[in-house]
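These notes concern the structure reproduced below.
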Amino acid sequence: MAGTDERTLHCSFCGRPEQEVAKIIAGPGVYICNVCVALCQQILDGHARGPEPEPAPEGASRQARLRVWDDLGADELLKLLPRMSTASDQVEGGLHECVARLRELGVTWSRIGEALGITRQSAWGRFSGED
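Under the working numbering, the first residue of the sequence shown carries the number 13, and numbering increases by one thereafter.
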């Protein structure tokens, strides 16, 4: 991760480093802190309702409906950018660790590529560490 300590985990939702929260829960390459879990629980319980979202246009993809940045201005987006980059770096790092473990277990590049929907050559090029 550029400019950050690679050993420090960050919440994938709010970007807080693990030193600023009581607990951080790991998922497959993503993390969530106790603060975000508490907020999620409030939302699920109906205590922290935001405005009801506009219905998606007919035929809109799920991804298009989930784009939180559509209503944000330039300053808000610039503030969000480093948090998104940190989350992306953590996911990419987890992916590399998973592939490294698969290779230790003797899994072929063909199987790894197939699981990722890419060719074995692409998998090798992305994850082998060789040029």
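Glycine included, each C-beta is placed from N, C-alpha and C at the ideal position.
Within 7 angstroms, strictly: CB atoms of residue i and residue j
i	j	result
I36	C45	yes
W81	L89	yes
L114	I124	yes
F139	V119	no
Close-in-space but distant-in-sequence residues of the same chain around residue i (CB under 6 angstroms, 5 per side omitted)
i	result
P29	T20, H22
S24	V42, Y43, A99
R132	W121, S122, G125
G137	none
V49	none
Rounded Cβ spacing between residue i and residue j (contact assumed at less than 8 angstroms)
i	j	result
G58	V103	Going by Cβ atoms, the distance from G58 to V103 rounds to 31 angstroms, so no, they are not a contact pair.
Residue span of the alpha helix (DSSP H) that contains residue i, given as start and end
i	result
A34	Run containing A34: none; DSSP gives neither H nor E here.
S122	121-128
V111	86-116
L134	Sequence inspection shows Ser at residue 134; the Leu mentioned does not correspond to that position. S134 -> alpha helix (DSSP H) spans 132-139.
Limits of the unbroken beta strand (DSSP E) element including residue i
i	result
C45	43-45
Beta-carbon contacts of residue i that lie in its chain and below 8 angstroms, excluding the five residues immediately before and after
i	result
V33	C23, C45, N46, V47
L84	L92
A38	L21
Same chain, Cβ closer than 7 angstroms to residue i, neighbours up to 5 away in sequence not counted
i	result
L107	G41
G135	For the sequence presented, residue 135 should be read as Ala rather than Gly. Result list for A135: W121, I124, G125, L128, in chain order.
Q95	It is worth fixing the name first, because residue 95 is Arg in this sequence and not Gln. Only G27 meet the Cβ criterion.
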